[in-house]
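In the order they appear, the protein sequences are chains A and B. When we follow numbering that gives the first Met the number 0, the leftmost residue of the first sequence carries the number 0, and every step to the right adds one. When we follow numbering that gives the first Met the number 0, the leftmost residue of the second sequence carries the number 0, and every step to the right adds one.
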Amino acid sequence: MALESFKDIAIPETTTIYPIQWRSRIYAIVGLALLLGITIIVTLGIGSTDIPFSTLFHILLAKLPLIHIEPTWTINTETIILDIRLPRLLLAGLVGAALAVAGTTYQGLFRNPLADPYLIGVAQGAALGAIIGFMLPVSWQLGSIPLLAFVGAVSAAAMVYFIARVGKTLPMTTLILAGVAIGAFLAAITSYLMFASGDKLHGIISWLLGSFSLTSWWQVAMVTPYILVGTVIIWLYARPLNVMQLDEEQAQQLGINVEQVKLILLGAATLITAAAVCFCGIIGFVGIIITHAVRLVWGPEHRFLLPLVTLAGAIFLILADTAARTMLAPTEVPIGVITAFFGAPFFLYLLRQKKRAIF
Amino acid sequence: MFNLRLDNVSLGYGKRIVLHNVTLEAKPGEMLGIIGPNGSGKSTLIRGITRLIQPSCGKIFLDGSDISGINRQKLAQLVAVVPQNPTLPAPFTALEVVLMGRTPHLGLLRYEGKKDLAIVKGVMEATQTLAFAERRVGELSGGERQRLTIARALAQEPKIILMDEPTANLDINYQIETLGLARQLCLKQKLIVVVTLHDLNLASQYCDRLVLLSDGKIYCQGIPETVINAQTIKDVYGAEVYVYPHPVNKLPATLVVSDKDKSLFEK
Chain A
0 MALESFKDIA IPETTTIYPI QWRSRIYAIV GLALLLGITI IVTLGIGSTD
50 IPFSTLFHIL LAKLPLIHIE PTWTINTETI ILDIRLPRLL LAGLVGAALA
100 VAGTTYQGLF RNPLADPYLI GVAQGAALGA IIGFMLPVSW QLGSIPLLAF
150 VGAVSAAAMV YFIARVGKTL PMTTLILAGV AIGAFLAAIT SYLMFASGDK
200 LHGIISWLLG SFSLTSWWQV AMVTPYILVG TVIIWLYARP LNVMQLDEEQ
250 AQQLGINVEQ VKLILLGAAT LITAAAVCFC GIIGFVGIII THAVRLVWGP
300 EHRFLLPLVT LAGAIFLILA DTAARTMLAP TEVPIGVITA FFGAPFFLYL
350 LRQKKRAIF
Chain B
0 MFNLRLDNVS LGYGKRIVLH NVTLEAKPGE MLGIIGPNGS GKSTLIRGIT
50 RLIQPSCGKI FLDGSDISGI NRQKLAQLVA VVPQNPTLPA PFTALEVVLM
100 GRTPHLGLLR YEGKKDLAIV KGVMEATQTL AFAERRVGEL SGGERQRLTI
150 ARALAQEPKI ILMDEPTANL DINYQIETLG LARQLCLKQK LIVVVTLHDL
200 NLASQYCDRL VLLSDGKIYC QGIPETVINA QTIKDVYGAE VYVYPHPVNK
250 LPATLVVSDK DKSLFEK
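In structure tokens form, the structure reads like this:
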């Protein structure tokens, strides 16, 4: 076995080994970003009042600085686009992105393909918080339901974390088991409260199934900072997350401070999940399936996987919400129903297409 | 001169001490073999040197400084491990796994540059893994995966390589190639190689010095000729073997005799 002095190898040779897959993944990121833009513009025009593309385009252009367009549309149309559909669509996109990123992070940390954003009690905590909110007098409900859902989600995850901690380390199996136990405990309380809630049950179930109706700009403004900051932090830790796919011992021997990375990633993923569910309810499926779909197509390297799932999650939930509000208009279908009903067959199709190890 | 020194080190898990009062030293250009029966503490020693577990007494020094004061990233620039039967994530490509070896040299925000790729290419050539660089790890054989982890360890550009049973999954050809490579790294790159081995013949042929562990203690250490003989092997392993000088280089060679021929052996 000939051993060259590999520390001084001439650099031009490297072109032959440059990982070609990287390039196709970068194209994929650009492609999905464009697709997200197209999705936003197309779905803005779809709804109970169909708005022609030219009008839509002019309304959006007129909002840009330095451009003046004489309005040829009614103020009503402008309100529908800018104050009803746009914030709703943006929230759906943000939530989809957040759930997909959080799901990818949990799957990576736990090295388990079944992990999802709700694994360590976040969903059950949010549900309990929200239901307590529903029990409040009607006039207090508007702001308190999301606030209580957020607080419930974060405290459930924090409780799981502190229970699972052993000295200075956090064994991931203990964390999952503590999450399941706390989740079951909170779900028991939630079930009883629902049972005893009487005429508020319909509202609670609607919340639990998820919905983006009644979204306005302030909700988008509230959620954006959390999701933005959390997602950026997770993106930054993509390489440590890759190395942690080996196992904790090897990751440490490669110089990763495993306990610190776990804490940061769990914290960020929990925060964005809590922010995602607090206004629109527990939307299932996005957090587990988008990751697998993207991984099937573009591979497991987290530095590409994370941006790709962010975009794919946003696109998926915007499309799902468009279906939710138009399919049986004027009645809305709960979005949780749509995500699973259309997402599952698509995922099964992908699974059959690429028969190879994905995890 | 860069060296590895263990000074009266005891290592264990919680209250259970696995290795007692180990003192040893390794210098650059030296291949140190750790031999001993199953459960004698070989892997624990490697865990201790990479600071996965803290010594309950004694200190481990790298280049004169106590490793408990070196941060994990810096330590990974100095010490690389070739683990025994490592978990490798199936969907990653071989190249991606070797690139992980560059982790200790890259900050959070830095992507692998041309230099990193050049190093990775070099080590993949040296370990004959370049041919399957784009294949998924899940599709590789045990031997290919073993060589891949050696490539990953080399990509760390360490001063010390710790190999835990590197030949366990390999056929005789790759056993020779792997230990040959380890020896060349010792001689040409002036690395310290510490290798745990079950095969006493490979240990004798390739290592400059051997440490024989027995029940968590050093039974004896020194050049192969002094460590491997019929008496020490019987004392430590409890096995009757026949040791004679290798016909080519006179190093001790261990032969096994089966029960049916024990009577011939006794003559």
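We treat Cβ as the ideally placed atom computed from N, Cα and C, and that holds for glycine.
Quick check: is the beta carbon of V242/A nearer than 9 Å to any beta carbon in chain B?
yes
N75/A to T48/A span [Cα, whole Å]
11 Å
Over what stretch of residues does the beta strand (DSSP E) that includes D163/B continue unbroken?
I159 to D163
Residue range of the beta strand (DSSP E) that Y218/B falls in?
K216 to G221
Can you list, in chain order, the residues of its chain with a C-beta nearer than 7 Å to that of E12/A? Leave out the 5 residues immediately preceding and following it.
Low per-residue confidence applies at E12/A: pLDDT is 46, beneath 50, and the placement is therefore not dependable enough to give any value.
With a cut-off of 8 Å on the beta carbons, I'd call I334/A and T38/A a contact; round off their distance for me.
With 8 Å as the limit, I334/A and T38/A do not qualify as a contact, their Cβ atoms being about 16 Å apart.
Check whether the stretch 128-147 of chain B and the stretch 101-118 of chain B are in contact - that is, three or more C-beta pairs closer than 8 Å.
no
Name the residues in the stretch 72-97 of chain B whose C-beta lies less than 9 Å from a C-beta of chain A; which are they?
Q72, K73, L74, A75, Q76, V78, A79, V80, P82, P85, T86, L87, P88, A89, P90, F91, T92, L94, E95 and V96
For A252/B: DSSP bridge partner residues
Y243/B
Chain A partners of L51/B, CB-CB under 8 Å?
E248, Q251 and Q252
In chain order, what residues of the same chain lie with their CB nearer than 7 Å to the CB of L77/B, ignoring the 5 residues before and after it?
L61, P157, K158 and I159
By the DSSP assignment, the beta strand (DSSP E) with C56/B in it spans what residues?
C56 to L61
Return helix, strand or coil for M30/B, following the three-state DSSP convention.
strand
Which residues in the same chain as S203/B place their Cβ atom closer than 6 Å to its Cβ, once the five residues preceding and following it in sequence are excluded?
P223, I227, L250 and P251
Can the beta-carbon of N241/A be found closer than 9 Å to that of H301/A?
yes
Could you check where the alpha helix (DSSP H) with D115/B kicks off and where it finishes?
K113 to A125
Would you call the stretch 272-286 of chain A and the stretch 206-224 of chain A in contact, with 3 or more CB pairs under 8 Å?
yes
Going by the beta-carbon positions, is the gap between A323/A and E331/A smaller than 9 Å?
yes
Contact check, V308/A vs A99/A under 8 Å by CB: the rounded distance?
4 Å
Using alpha carbons as the reference points, say which of I119/A, I188/A and P299/A lies closest to L265/A.
I119/A
Got a sec? Which residues, its chain only, sit under 7 Å from L127/A by beta carbon, not counting five neighbours each side?
G151, L185, I188 and T189
Use the C-beta contact count for W216/A: other C-beta atoms within 10 angstroms, 16 or more gives buried, fewer gives exposed.
exposed
Just how far apart, CA to CA, sit E24/B and R182/B?
18 Å
Quick one: list the residues of chain B neighbouring G298/A, beta-carbon separation under 7 Å, in chain order.
P90
From G124/A to I69/B, what does the alpha carbon distance come to, in whole angstroms?
41 Å
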